[in-house]
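Engineer: The structure is given below, and queries will be raised subsequently.
In my numbering, the protein residues as written are 1045 to 1144.
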């Protein structure tokens, strides 16, 4: 918050992005390994369904993509987000199960 206040008159906004589970190569490899150990098969959509049910569920029922996080960051860095300042935005498909 102090950085946001310090930069307020410069037009620079300060926000944070808090992603939930994101489908990176490493995350996919980890869950594919668990899928093999648990007999879930190798179809990613089936693996993702199991992950959502057993580990990291969220109301969207899927794991976020890196491109979705990137899109949010690009938006926050754009002039269209000039009035979004001093906030934390969760991008977790509703996994936190709360509105703030």
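Don't be surprised by glycine CBs; every beta carbon is placed ideally from N, CA and C.
Would you kindly report the start and end of the unbroken beta strand (DSSP E) that includes residue 1060?
Structural biologist: Here residue 1060 refers to the residue found at position 16 when the chain shown is read from its first residue. Element bounds for residue 1060: 1060-1063.
Engineer: Mapping DSSP to helix, strand and coil, what is residue 1106?
Structural biologist: Within the chain shown, residue 1106 is the residue found at index 62, counting from 1. The answer is coil: DSSP assigns residue 1106 none of H, G, I, E or B.
Engineer: How many Å lie between residue 1109 and residue 1050 at the Cα?
Structural biologist: By one-based count along the chain shown, residue 1109 stands at place 65. By one-based count along the chain shown, residue 1050 stands at place 6. Approximately 33 Å, taken between the alpha carbons.
Engineer: To the nearest angstrom, how far is it from the Cα of residue 1075 to the Cα of residue 1116?
Structural biologist: Locating residue 1075 in the chain shown gives position 31, where the first residue counts as 1. Locating residue 1116 in the chain shown gives position 72, where the first residue counts as 1. Straight-line Cα distance between these residues: approximately 25 Å.
Engineer: Quick check on residue 1105: buried or exposed, where buried means 16 or more other Cβ atoms within 10 Å of its Cβ?
Structural biologist: Within the chain shown, residue 1105 is the residue found at index 61, counting from 1. Classification of residue 1105: exposed, given that the 10 Å Cβ count is below 16.
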